[in-house]
Amino acid sequence: MTTMSTPANGASELLDLAAGVFLLAAVAILWLRDVAAQTRLLAVQGSALAAMAVVLGAEQAHPELYAVAAGVGLLRAVVLPALLRRAVNARAADRETRPLLNVGASLLTAAALVLLAYAVAQPLVRLEATAAARALSVGLSVVLIGLLVLVTRRNALAQVVGFLLLDNGITAIAFLAAAGVPLLVELGVSFDLLLVVLVLRVLTTRMRAVFGSADLDDLRELRD
Amino acid sequence: MTTSSVVISALQVTLVLAGAPLLTGLMRQVRARLEGRAGGGVLQPWRDVRKLLRKARLDPEGTGPAFRTAPLIGVAAAIMAAAAIPLAATGTALGSGADLIAVIGLLTLASAMLALAGLDTATAFGGMGASREMTITALAEPTILMAVFALSTRIGSTDLPAIVTAGITDGARLASPASLLAAVALAVVVLAETGRLPVDNPATHLELTMVHEAMVLEYSGPDLALVELGASMRLAVLLGLWASLFAPWGIATTAGAAAVVLGAGVFAAKLALLGAALAAGEVFTAKLRLFRVPELLAGSFLLAVLAVTASFFLN
Amino acid sequence: MTALMLLVPLAAPLLAALVYAVFGWRRATAHAGTAGAALVLADAIALAVRVMRRGSAEILGGWLRADPLAAFMLLGIGTIGLLACAASPAYLAAHGNAHDGQRQGAREGAGATRRYGMLVSGFLAAMATAVLAGNLGLAWIAIEATTIVTAFLVGHAGTRQALEAAWKYTVICSVGIALALLGIIVLYAAARHAGLGESSALEYTALINHARTLDPAVTRMAVALMILGFGAKAGLVPLHAWLPDAHSQAPAPVSALMSGVLLPVAFSQVLRVTAIGNAVLGTGFTRTLLLIMGLGSLALAALLLIAQRDYKRMLAYSTMEHMGLITVGAAIGTRLALAAILLHIAGHGLAKAVAFITSGHILSAEGTTRIDQVKALGARQPVLAGIFGCALLALLGFPPFSLFASELALARSGFAAHLGWPTAAAFALVLLAFAALAAHAARMLLGDPDHDPVVDARPAAPGVLGLITRTPLITALVAVAVLGITAWPISSLINTAAQTGHR
Amino acid sequence: MNPVALGLAVASAAGALAVAAALLAPARVRVALVGVLTAVLGAAGMAAGGAALAGHIFTAHVSQLLPLAGVYLAVDALSGVFLSVGGAVVLAASVYGIGYFRHSGHNGHSGGNGRAIQVLWPVFAFSLVLVPAAASVSTLLVAWELMAVSSLLLVVSEHRRSAQVRSAGVWYAVMTHLGLVTILIGLVWLASAARTETFAGIAAAAPGISPVVRGGVFVLVLAGFGSKAGMVPLHAWLPRAHPEAPSPASALMSAAMVNLGVYGLVRVGLDLLGGGSRWWWLLVLLLGSLSAVYGILQASVANDLKRLLAYSTVENLGLILVGVGAAGVFKDSGFPVLAALALAAALLHTMTHAAFKTLLFLGAGSVLHATGTRDLDDLGGLRARMPVTTGLFALGALGAAALPGGAGFPSEWLLLQSLIHGLVVPGVTVVVLLPVAVGAIALSAGLAVAAFVKALGTGFLAKSRTPAAEHAHEPPPAMLAGMGLAALACAGFALVPGLVGPLLGRAVAAAGLGGAGADQAAGRLSALGSTLSPLLVVGGALLLVVLLRVLMRLVARGPRRAAPLWDCGAGPLTPRMEYTATSFAEPLQRVFDNVLAPESDLDVTAYTESAYLVERVAYSRAVPDRVEHRLYTPVIGAVRRAGTASRALANGSVHRYLGYGFASVIVLLLVLAAAQ
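Encoded structure:
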């Protein structure tokens with residue numbers, strides 16, 4: 000991402016930094032197999048997202064963006080990771096069995112996905128010639144990485160982490176492309192996200208009670 | 000249905016009714032002579048009929064109306080055919096009402112009724128005869144209709160008087176390959192329909208070989224007389240049909256009394272000649288195995304198809 | 000007055016949910032949900048009449064909007080909601096005790112039925128909001144709410160398989176819906192770039208009016224993602240796999256609601272998005288995408304119906320087949336095609352709801368969902384088999400029922416729009432599914448019970464369908480037959496609804 | 000109000016009343032009430048058909064019915080033929096049904112007087128009247144499917160009797176739906192090419208449509224309507240469904256429903272598409288001949304009575320298709336007189352076949368009702384205990400064998416005339432195909448005689464082979480009345496077919512073969528040089544039989560005395576020694592064994608102690624439907640294999656399901672990226 004030399008580029012540099020941290024957190028989650036570590040990285044990514052919102056608010060002089068950034072930061076950096084960490088109990092069984100795709104292959108796929116995201120985001124980037132627009136491909140690649148995690152991880156909680164990655168990516172695109180969706184919609188979306196995570200957590204605990212472990216390979220009885 | 004046509008038909012019917020047993024007697028006599036035997040004389044069939052008519056009428060137990068009416072329908076069909084086919088003269092009464100297909104249909108109805116009578120007797124012979132007769136009739140049907148197809152295409156109709164008059168007027172047509180092929184095909188069918196050698200041996204009562212005889216095994220007395228009479232009339236009518244289709248000389252085309260009488264005489268002579276030739280032929284042929292008969296009939300069907308294509312391509 | 004009409008469909012079920020929350024599920028409150036659904040139906044009829052006479056109604060600054068399509072869908076929610084809630088008490092009575100044993104004691108059982116009542120009414124409210132939503136954002140939130148609400152309904156039985164179905168349902172639907180959200184945000188960006196105001200950037204009417212100014216490449220991406228996302232909730236191919244699992248494990252009234260109403264409601268969003276896509280990009284893009292998804296769903300459903308062993312999954316795949324056919328109709332897109340698919344949605348919703356509710360009764364009578372273990376039902380349970388048979392006849396597309404008329408109109412519109420080959424392929428696949436469904440239904444319903452070892456072993460269950468449980472089912476079937484003969488009551492509504500969405 | 004409209008109005012009113020009676024009337028009187036009302040429906044339909052044949056034309060449009068399409072009705076002389084035939088068959092079968100359904104509770108199951116069957120009966124009858132009256136693609140398809148569903152439910156109504164009923168029902172449902180889908184696609188394609196849905200509009204726009212479209216539409220329509228008319232490759236459902244249905248229903252299906260396949264083909268092929276190109280009709284001619292021979296071959300070796308009659312339907316419909324095909328060929332090569340003659344022959348054969356097939360199926364129903372079995376090998380000797388049924392069945396068999404005196408003879412004779420005079424038409428293919436068709440008709444006529452002699456002989460004559468046949472009894476009067484009506488029609492067609500001539504002339508004109516040839520299609524056919532007056536032939540023969548009987552009574556001495564049968568001196572003859580249907584057909588089966596490919600297997604079970612001591616020998620022989628083995632079984636096997644293989648698509652793993660979504664998103668994004 001080339002940086003322009005005008006005084007305002009200070010803000011765009013900050014934005015690029017936040018986007019970089021945002022993407023790296025996603026790649027790190029892909030790299031690690033331990034769910035507890037992954038929840039911490041989610042918190043980092045949530046705060047990077049909030050930072051991005053603040054920088055955008057400052058650059059485009061949208062006062063209410065600060066409130067939204069605070070809300071998003073609170074939800075995605077603090078509440079959701081906390082929910083997940085409490086769900087991960089101490090037993091080793093929930094660490095992470097061998098994922099469907101080994102780490103090396105998944106990292107290579109992640110690279111390919113980032114390139115694809117870059118190619119696909121071109122029309123969006125051409126829409127607004129701002130730094131935020133250029134960072135859009137980061138949001139899209141985090142969405143694709145989230146999908147990859149969802150598809151390849153055997154542990155139920157790892158799938159929830161993948162889902163949260165997917166959602167963080169989508170909210171990032173919302174901020175970068177159009178400085179956030181209307182407040183009411185953003186509120187509704189976040190509330191729904193919270194409820195989904197709560198539902199998945201309840202299901203995971205009940206799954207542990209019934210199946211003995213949160214391994215998704217036990218869920219094979221419903222077949223044709 | 001003019002009076003002259005009724006007279007012609009009546010003449011033909013009486014001729015066939017009286018002449019048929021004589022024809023059978025003549026054929027048996029020729030065959031006896033050729034085999035060095037004295038033979039029972041030409042009038043022997045009439046003597047048999049008289050003897051049988053004097054016997055008491057018996058109903059085999061368990062048989063129903065089908066058994067009793069079959070002989071009657073056999074004779075009735077033969078009489079109707081005799082009244083329709085232009086044997087002595089072309090102006091027959093039924094000529095307009097019944098064409099070639101109807102006549103053959105009547106004769107098939109007669110053989111079907113006989114098969115039903117055979118089945119009605121509830122004996123193994125009756126069933127066996129009926130089953131074989133029906134198989135042969137079913138396989139002979141295509142040949143007859145293809146022959147009819149060959150004869151009637153150029154004239155444009157299947158009416159018997161029309162076909163015969165066409166035969167009489169231009170004699171050359173009779174020698175055409177189409178006509179010859181049709182003649183041979185129909186000859187085979189006549190043998191099959193009337194149960195003569197090589198399809199079926201009329202003289203035998205050997206269980207495994209008989210077809211027509213097996214169906215009529217249970218008949219006795221007057222019924223047997225009727226059956227024999229029907230069979231011989233059927234033979235006479237079919238030979239007459241063959242003769243008038245392929246050797247129509249001498250058949251009266253006008254309604255004049257002299258021409259009709261002459262026609263009748265010529266018809267009787269032709270019938271006697273054909274009968275004798277058939278009998279002579281039978282002395283030298285043996286009966287075909289039952290499941291080789293379909294090949295014979297398939298061969299005749301092929302000849303009939305060749306007749307059709309010949310009649311279409313060559314003229 | 001219109002404000003009231005638009006709010007009642009949301010408020011009535013929520014009120015019923017509140018009643019369950021406070022008083023729990025007792026004999027007195029058992030039919031609160033039915034009352035809520037009846038209110039929704041009454042309001043829907045009034046709303047439909049008003050919309051027909053005075054056009055679309057809008058309140059709360061465009062957040063809630065009732066156009067003919069919305070009124071039609073609300074009618075569906077009302078009728079099938081009424082049908083499902085009326086059947087719930089009988090279902091819970093028959094199944095409540097059967098499954099309590101596996102979970103901890105009666106207290107938990109009472110809690111479960113109370114939660115069942117609340118969630119079903121909440122489900123109706125969420126679907127009503129989704130239909131009446133004026134803008135894409137609110138529609139998305141409402142549809143995500145339906146997923147959350149039904150997650151526990153699918154897991155209501157508490158068995159291992161119900162839990163597995165709930166997990167798969169929640170994960171797959173949420174992923175699908177997240178893709179739709181991505182599409183909405185991209186469209187929002189394009190709209191904002193085109194100069195629409197923050198509040199009106201997600202409203203259907205505003206988007207269609209300003210269609211010319213939206214950037215085509217961005218809108219193509221947004222529309223594709225939204226069709227894929229909402230298609231997942233409508234049971235269409237790429238993310239369809241939750242459908243058979245959820246329907247086979249959920250309680251019968253809930254699967255009736257899901258098949259009869261939830262899928263068409265999600266599909267109504269696909270219709271709205273296609274309308275926007277056509278306004279901006281022309282018909283080519285959406286037609287190919289919908290054709291691929293429609294024919295894909297049809298093919299998959301037909302293939303998986305052939306060797307099917309579970310009759311609830313069989314009904315679920317039959318739903319997928321009909322949704323595939325409806326998607327092909329949407330791909331054709333002419334006015335006749337849209338009218339046909341709306342009639343098809345009405346007919347299929349009612350018939351499938353009756354089929355699922357009777358399958359619930361069959362499960363409680365026979366104790367198994369396997370097709371080969373249900374033998375000679377026609378001889379042993381004549382009434383139950385009769386209703387189930389009639390519902391299947393309707394689903395197979397036989398005349399007196401409306402599905403035949405709509406499939407016929409679909410075929411005519413397909414060929415008229417020069418889409419001969421895809422329509423022919425679609426009907427060939429419908430034939431394959433017909434053959435499979437007919438064979439399975441015959442194996443279940445026909446035959447003689449006297450000399451079947453499997454059947455004799457099972458205790459002779461009493462006549463399951465009492466008078467009160469079977470009258471709503473029979474009236475629903477008669478309604479589908481009346482729709483098939485005259486379609487008088489809703490034909491004008493269908494035609495105007497089709498008017499708005501067509502090319 | 001023109002008579003056709005009046006007829007149809009009365010028919011629909013009677014139908015509605017019958018359905019109401021079936022639902023509301025008490026069980027005791029329900030069967031009689033529904034039977035009478037449906038008979039009124041049939042009579043009204045017949046009257047409407049007759050009026051249409053007499054020249055009245057009727058059209059109507061009801062837009063409120065059938066959503067998104069509207070109902071168009073139109074009755075001209077061509078639909079008049081099928082309306083009157085359908086109505087007559089409904090009349091006879093309903094009268095018969097009153098007796099059949101009241102007593103039809105075989106061994107304890109609730110028989111035909113159940114409310115469901117009584118509702119379906121008038122609905123099926125009404126759909127038979129509705130199909131010929133339809134005048135738009137949608138109305139025809141709705142009436143077609145209404146006929147399909149009501150007949151399907153009637154076929155499976157006796158599902159408690161045996162497992163075959165269920166498999167027959169599934170076969171019937173799937174084959175009928177296959178037919179519907181082909182007709183639907185064909186006609187809707189035609190309607191979209193003609194940009195209108197009504198038949199009148201399509202007929203007007205047909206010349207403008209490109210030959211490729213017309214060819215494609217014709218092939219689809221031929222497949223759809225051909226499958227309903229039992230054309231050979233698509234006939235497999237007919238010998239399975241007809242025997243399993245209750246007898247009045249199989250009479251309706253065999254004598255009225257299959258004709259509507261021919262009606263569809265004539266209406267779309269000759270009337271709407273205006274004849275089209277010659278290869279269409281040569282194809283119909285060829286498939287018709289194939290059906291005729293194959294159908295009657297299977298009938299001659301079948302030993303289930305109703306299966307024999309079902310295959311005979313395949314044969315007769317094959318003959319009708321030969322007539323229609325010949326008409327198309329002659330019309331295309333510019334011989335209107337011959338075309339009119341061929342189509343008149345086909346329509347006459349439709350009428351005569353309806354008459355004798357109704358009589359035969361009702362007769363078979365009485366046998367089933369009396370003995371509880373349809374297998375000819377277990378029957379025999381019914382003549383003694385069921386004389387009236389045997390006599391009526393004999394009349395029907397005579398008609399089916401197409402011998403003089405039978406109803407089938409005049410129409411088959413007319414068909415042969417039209418083919419024989421067809422050699423005048425130039426063109427090599429015609430010259431080759433016409434003799435093949437004549438050969439096929441001739442062989443099928445011969446085999447028909449053998450098949451029906453077998454049916455009548457082994458089934459009704461001789462002695463009873465099983466106790467069931469022993470205790471047979473005459474059916475109730477209502478059933479005899481139904482069969483009497485059908486017998487009346489058979490006798491009428493056998494003696495005076497000429498009366499129907501002018502009516503057929505008008506029907507042929509309505510089918511687009513107008514002009515000079517139309518009025519000569521009368522029975523007397525003087526213009527073409529071949530005349531047939533069945534009255535003369537049959538009357539003469541009967542007269543002679545009576546004369547001979549009187550003569551014999553005069554000549555004979557003493558009364559007829561019973562005498563024992565000739566048993567070669569071996570001991571009393573038992574019924575087990577009789578020829579059964581299987582043994583009767585054995586020579587035919589041996590002659591045609593490479594066509595029929597009978598399957599026979601012999602398994603010998605030896606004692607466990609020693610392989611040389613045989614404990615039990617089991618021999619079984621069956622004549623399967625060859626077309627079914629070669630064409631249908633592989634297809635069904637492939638579909639079943641595909642079904643089991645596709646199960647892997649839903650193997651229960653969440654990752655696989657999410658993988659579908661992930662892969663489709665990737666593909667979508669790639670497509671979008673490439674699209675810029």
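Chains as they are written, first to last, in numbering that gives the first Met the number 0: chain A, 0 to 223; chain B, 0 to 314; chain C, 0 to 502; chain D, 0 to 675. Backbone N, C-alpha and C define an ideal beta-carbon position, used for all residues, glycine too.
Return no unless some Cβ of chain A is closer than 9 Å to the Cβ of residue i.
{"i": "Val691 (chain D)", "result": "For residue 691 (chain D) there is no data in the structure shown, the boundaries of chain D being 0 and 675."}
{"i": "Ile665 (chain D)", "result": "yes"}
{"i": "Gly658 (chain D)", "result": "yes"}
Between residue i and chain B, is any beta-carbon pair separated by less than 9 Å?
{"i": "Pro597 (chain D)", "result": "no"}
{"i": "Arg160 (chain D)", "result": "no"}
{"i": "Asn106 (chain D)", "result": "At Asn106 (chain D) the pLDDT is 39, less than 50, meaning the model places this residue with poor confidence; the figure from the coordinates comes in the next sentence. By this cut-off, Asn106 (chain D) is not an interface position."}
How far does the beta strand (DSSP E) with residue i in it reach, from first residue to last?
{"i": "Arg620 (chain D)", "result": "Val613 to Ala621"}
{"i": "Glu217 (chain B)", "result": "Careful: Glu217 (chain B) lies outside any beta strand (DSSP E) and carries neither H nor E."}
{"i": "Ala75 (chain B)", "result": "Careful: Ala75 (chain B) lies outside any beta strand (DSSP E), inside the alpha helix (DSSP H) at Pro64 to Ala83."}
{"i": "Tyr71 (chain D)", "result": "Val70 to Val74"}
From the beta carbon of residue i, is the nearest beta carbon of chain C less than 9 Å away?
{"i": "Leu169 (chain A)", "result": "For the sequence presented, residue 169 (chain A) should be read as Ile rather than Leu. With 9 Å as the cut-off, Ile169 (chain A) counts as an interface residue toward chain C."}
{"i": "Ala238 (chain A)", "result": "Chain A is shown only over 0 to 223; residue 238 (chain A) falls outside these bounds and no answer can be derived."}
{"i": "Val53 (chain A)", "result": "no"}
{"i": "Leu13 (chain A)", "result": "no"}
Could you spell out the range, first to last residue, of the alpha helix (DSSP H) harbouring residue i?
{"i": "Arg52 (chain C)", "result": "Ala31 to Arg53"}
Shortest alpha-carbon distance to residue i belongs to which of the options?
{"i": "Ala350 (chain C)", "options": "C:Ser254, C:Gly228, C:Arg113 and C:Val153", "result": "C:Ser254"}
{"i": "Glu212 (chain B)", "options": "B:Gly155, B:Ala123, B:Ala92 and B:Phe245", "result": "B:Ala123"}
Below 8 Å on the Cβ atoms is my guess for residue i versus residue j; work out the distance and round it to an integer in Å.
{"i": "Arg560 (chain D)", "j": "Ala55 (chain B)", "result": "6 Å"}
Any beta carbon of chain D sitting closer than 9 Å to that of residue i?
{"i": "Thr203 (chain A)", "result": "no"}
{"i": "Pro64 (chain B)", "result": "yes"}
{"i": "Arg52 (chain C)", "result": "no"}
Given a limit of 7 Å on CB to CB distance, which residues of the segment 637–653 of chain D reach chain A?
Arg646, Ala649, Asn650, Gly651, Ser652 and Val653
For the segment 397–408 of chain C, list every residue whose C-beta sits within 8 Å of some C-beta in chain A, in sequence order.
Hits within the stretch: zero.
Give, in chain order, every residue of the segment 363–377 of chain D whose Cβ lies closer than 9 Å to some Cβ of chain A.
Among the residues of the segment 363–377 of chain D, none has a Cβ less than 9 Å away from any Cβ of chain A.
Interface residues of the segment 229–247 of chain B facing chain D [CB-CB below 8 Å]
none
Chain-ordered residues of the segment 160–188 of chain C with a beta carbon less than 9 Å from chain F:
Among the protein chains in the structure shown, which are A, B, C and D, there is no chain F.
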